[in-house]
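Presented below is the structure to which this report refers.
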Amino acid sequence: MKKQEESQPIDELFARKLGNASLSPSPDGFERLQARMSETQPEVRVVVWRNPAIQRYMAVAACLLLGCLFGWLYLQSDSVPTIKGEQVAGSVNKPQKHKLEQTVDKVEETVSGEKANEKSLQVGGENHLAAVNKPIEITKKNKPSKNVVGRLSENGNSTMPASENEQPVLAQIPLHENKTKTADTTLPVVKTINPVNVSTERVVENTVKRAAPVERVLTVTIEEPTSLVAARQVAKKESSTIAASAETPEKEPKGNLWQQVRRIKQGEVFARRDNPGNEDQGLLGRAYSGLKQSFEKDKSEK
Amino acid sequence: MLRLIPFFSTEAQLIAALKRGESRAHKVLYERFSGKMLAVCTRYCANRDDAEEVMLDGFMRVFEKIQQFREDGSFEGWIRRVMVTESLMFLRKNKQWRQEISLEEIPVELDYAWADTSLNENDLLRVINQLPDGYRTVFNLYAIEGYNHAEIADMLGISEGTSKSQLSRARLLLQANLKKIEQEPILQRRAS
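For the record, the sequence lines run as chains A and B. Numbering follows the numbering used here, in which position 177 of the first sequence is assigned residue number 157; successive positions increment by one, without gaps. Numbering follows the numbering used here, in which position 74 of the second sequence is assigned residue number 215; successive positions increment by one, without gaps.
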């Protein structure tokens, strides 16, 4: 704003008199202004990413959303396919089978590590079961192997209760050993159910005959339980049935979330709802039951 | 008597409160500047009611745009510019700029000393409000607000020559009107 060079007296007169003139507004002027402001109140623009209060709510909402998402995914993974309302046996028994196989593998690994200095016995398997029924040599020094086998027997209790009363087949102990050492030979696990293992027994007997007379050899044959074999056969049959009717599977209704939460609260961190009757499904539950059984075993031994 | 403690003792506090959107600050600002701003709007709008409406619109604009005010200049000057802009917008919507009247371009000899002593603000406002809108606006912008012809031409969307001619005609009209008032008897002037 530049004042023009030509300034006349009349301009100065008006500028001086009216430059700082003041008039009294109407008394209700501010009320009218407030009313007009409330009428034309602009819409509040909520800038989400700059508002810290909204950021807090957004964080909570995101957490809830993630929780719901993972819960939904968990329930989706838990859902068991059914055929006309019946649960598929193979899918239910799968964790047990897997568990048993894992235990057998552990035993094999432990025993194979211990028998590195011992005489090994090679037994060729004819079928899939032969791999499981591989005879194992355990020397008299193999005290840890006893524990391992004991664990196997404890874990196998739930899956093969019928085989408890059956006689051990392949435990051969030389007679010239001390009485103190014979205590080790009463390993409780060596059990056979399947009569298919005759050839295996022969091989084991030959092996024992070939062994040095000084050494005491314990041969253990671990056999897959009949229930597992039966379950596997049933699973094969029903998997073929599922493949045939996989186009129209009925979804199982969603499980009770509260029940799962209660089970988790009881200690089953990763408890699944596949087998609600089995209390040892959760990681913590399994660990706890294993410890409990080992303690009981030690007590009974003492 | 109770002495009222002002809410905002300094202008910076008032501006800060306005930027926070406090309604108390709105009221303080209105009470502090409404008289002056009404006079500004009355110089442009001629009608008192229109001037009040324009002033209220101007205050609303001030409240809206307060965040844009950089505190490096006069706050009152900024509010005055907002009011002038609002007045021009009002005139642009409702009036014609190039309203011209025929008048004899004979210079009038006016006693400015008499005018300075005898005429008050209301007399001068009444005189200036008798001008046509275009003349009055250009005269206000040039003589009182201090804009030059280029700025006036830019603000009003007219040429500089038009601004100059309207200013000279406004001056002649004002002088003629003031001369009439000077020649009137005092009693008749007071009655009017």
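Cβ coordinates follow ideal geometry from the N, Cα and C atoms, glycine included.
Task: Closest residue to R267 (chain B) among A:Q213, A:E19 and A:F(-6) (Cα-Cα distance) - done: Start at 1 with the first residue of the second sequence, and residue 267 (chain B) comes out as number 126. When each option's Cα is compared against that of R267 (chain B), the closest is A:F(-6).
- [ ] Can you give me, in chain order, the residues of the region 261 to 278 of chain A that have a beta carbon less than 8 Å from any beta carbon in chain B?
- [x] none
- [ ] Would you be able to state if there are at least three C-beta pairs under 8 Å between the region 223 to 230 of chain B and the region 172 to 190 of chain B?
- [x] Contact holds between the region 172 to 190 of chain B and the region 223 to 230 of chain B, because three or more Cβ pairs, one in each stretch, are under 8 Å apart.
Task: Inter-residue spacing [alpha-carbon to alpha-carbon] between T221 (chain A) and E204 (chain A) - done: Taking the first residue of the first sequence as position 1, residue 221 (chain A) is located at position 241. Taking the first residue of the first sequence as position 1, residue 204 (chain A) is located at position 224. Those two C-alpha atoms are separated by around 25 Å.
Task: Cβ-based contacts, 9 Å cut-off: residues of the region -3 to 24 of chain A near chain B - done: K(-3), L(-2), G(-1), N0, A1, S2, L3, S4, P5, S6, G9, F10, R12, L13, Q14, R16, M17, T20 and P22
Open item on the list: Could you check whether the region 9 to 22 of chain A touches the region 168 to 179 of chain B, counting it as contact only if at least three pairs of C-beta atoms, one from each stretch, sit closer than 8 Å?
Closed with: Between the region 9 to 22 of chain A and the region 168 to 179 of chain B, the count of C-beta pairs closer than 8 Å reaches three or more; the two stretches touch.
Task: Three-way DSSP call (helix, strand, coil) for T201 (chain A) in this model - done: Numbered from its first residue, the first sequence carries residue 201 (chain A) at position 221. In the structure shown, T201 (chain A) sits in coil (DSSP, three-state: anything other than H, G, I, E or B).
Open item on the list: Taking the straight line between their C-alpha atoms, what separation do you get for I220 (chain B) and Q208 (chain B)?
Closed with: Position 79 of the second sequence holds residue 220 (chain B). Position 67 of the second sequence holds residue 208 (chain B). One C-alpha to the other measures close to 13 Å.
Task: Residue closest to Q324 (chain B), alpha-carbon to alpha-carbon, out of B:R161, B:S215 and B:E250 - done: The residue given as residue 324 (chain B) occupies position 183 in the second sequence. Closest option to Q324 (chain B), Cα to Cα, is B:E250.
TODO: Taking C-beta pairs closer than 9 Å, name the residues in chain B that N58 (chain A) reaches, listed in chain order.
DONE: Residue mapping note: residue 58 (chain A) aligns to position 78 of the first sequence, counting from 1. One detail in the question is off: residue 58 (chain A) reads as Asp in this sequence, not Asn. In chain order: nothing, as chain B lies at least about 54 Å away.
Task: Under 9 Å from the C-beta of Q(-12) (chain A): neighbouring residues of chain B - done: Your numbering for residue -12 (chain A) matches position 8 in the first sequence. Near Q(-12) (chain A) (Cβ distances below 9 Å), the residues of chain B are A284 and R312.
Open item on the list: Quick check: what's the CA-CA separation for L208 (chain A) versus I202 (chain A)?
Closed with: Walking along the first sequence from the start, residue 208 (chain A) turns up at place 228. Walking along the first sequence from the start, residue 202 (chain A) turns up at place 222. Between L208 (chain A) and I202 (chain A), the C-alpha separation is close to 13 Å.
Task: Burial state of T20 (chain A) (16 or more Cβ within 10 Å) - done: Reading the first sequence from its first residue, position 40 is the one you call residue 20 (chain A). Exposed, because fewer than 16 other Cβ atoms sit within 10 Å of the Cβ of T20 (chain A).
TODO: Consider the Cβ of Y171 (chain B): report whether some Cβ of chain A lies at a distance smaller than 8 Å.
DONE: Within the second sequence, the letter at position 30 stands for residue 171 (chain B). Chain A, which has a Cβ nearer than 8 Å to the Cβ of Y171 (chain B), makes this yes.
Open item on the list: Just to confirm the assignment, what range does the alpha helix (DSSP H) spanning T226 (chain B) have?
Closed with: The count along the second sequence starts at 1 and reaches residue 226 (chain B) at position 85. The continuous alpha helix (DSSP H) containing T226 (chain B) extends over residues F216 to N235.
TODO: Output the boundary residues of the alpha helix (DSSP H) element that contains E193 (chain B).
DONE: Position 52 of the second sequence, counted from the start, is the residue given in the question as residue 193 (chain B). Run containing E193 (chain B): R189 to K206, per the alpha helix (DSSP H) assignment.
Open item on the list: Using the Cβ count rule (16 or more neighbours within 10 Å means buried), how would you classify T278 (chain B)?
Closed with: Looking up residue 278 (chain B) in the second sequence gives position 137. Buried: at least 16 other Cβ atoms inside 10 Å.
- [ ] Return no unless some Cβ of chain A is closer than 8 Å to the Cβ of S175 (chain B).
- [x] Residue mapping note: residue 175 (chain B) aligns to position 34 of the second sequence, counting from 1. Yes, its Cβ sits closer than 8 Å to a Cβ of chain A.
Task: Where G105 (chain A) sits in the DSSP three-state scheme - done: As a working mapping, residue 105 (chain A) is identified with position 125 in the first sequence. Because G105 (chain A) carries a pLDDT of 43, less than 50, the predicted location of this residue cannot be relied on, and the following value inherits that uncertainty. Here G105 (chain A) sits in coil by DSSP.
- [ ] State the DSSP-derived secondary structure class of T206 (chain A), mapped to helix, strand or coil.
- [x] By one-based count along the first sequence, residue 206 (chain A) stands at place 226. DSSP places T206 (chain A) in helix when its eight states are reduced to three.
Task: Cβ-Cβ separation, N0 (chain A) to K177 (chain B) (assumed contact under 8 Å), whole Å - done: Walking along the second sequence from the start, residue 177 (chain B) turns up at place 36. Walking along the first sequence from the start, residue 0 (chain A) turns up at place 20. The beta-carbon distance between K177 (chain B) and N0 (chain A), rounded to whole angstroms, is 7 Å. This is short enough to meet the 8 Å contact definition.
Task: Distance, Q154 (chain B) Cα to D213 (chain B) Cα - done: As a position in the second sequence, residue 213 (chain B) is number 72, starting the count at 1. As a position in the second sequence, residue 154 (chain B) is number 13, starting the count at 1. In a straight line, the C-alpha of D213 (chain B) is about 15 Å away from that of Q154 (chain B).
- [ ] May I ask you to list, following chain order, the residues of the region 27 to 49 of chain A that have a beta carbon less than 8 Å from some beta carbon of chain B?
- [x] none
Task: Enclosing alpha helix (DSSP H) for Y37 (chain A) [first to last residue] - done: Translated into the one-based positions of the first sequence, residue 37 (chain A) becomes position 57. Segment P32 to D58, the alpha helix (DSSP H) holding Y37 (chain A).
Open item on the list: So, for Y276 (chain B): in the same chain, excluding its five sequence neighbours on each side, which residues have a beta-carbon less than 7 Å away from its beta-carbon?
Closed with: For the purposes of this step, residue 276 (chain B) is identified with residue 135 of the second sequence, where counting begins at 1. Answer for Y276 (chain B): Q307, R310, A311 and L314, listed in chain order.
Open item on the list: Under DSSP, the alpha helix (DSSP H) around S175 (chain B) begins and ends at which residues?
Closed with: Numbered from its first residue, the second sequence carries residue 175 (chain B) at position 34. Residues S164 to C186.
Open item on the list: Tell me the DSSP secondary structure of S280 (chain A) in three-state form.
Closed with: As a first step, residue 280 (chain A) must be located in the first sequence, where it is residue number 300. Here S280 (chain A) sits in helix by DSSP.
TODO: Put S269 (chain A) into one of helix, strand or coil per three-state DSSP.
DONE: Residue 269 (chain A) sits at position 289 when you count from the first residue of the first sequence. S269 (chain A): helix per DSSP, three-state reduction.
Open item on the list: So, for V223 (chain B): in the same chain, excluding its five sequence neighbours on each side, which residues have a beta-carbon less than 6 Å away from its beta-carbon?
Closed with: In the second sequence, counting from the first residue as 1, residue 223 (chain B) sits at position 82. G199, R202 and V203.
Open item on the list: Would you say Y253 (chain B) lies against chain A (beta-carbon separation less than 8 Å)?
Closed with: Start at 1 with the first residue of the second sequence, and residue 253 (chain B) comes out as number 112. Taking Cβ atoms only, chain A reaches closer than 8 Å to Y253 (chain B), which makes this a yes.
Open item on the list: Suppose you measure from the CA of V241 (chain A) to the CA of K160 (chain B); what does that come to, to the nearest Å?
Closed with: By one-based count along the first sequence, residue 241 (chain A) stands at place 261. By one-based count along the second sequence, residue 160 (chain B) stands at place 19. Their backbone Cα atoms lie some 52 Å apart in a straight line.
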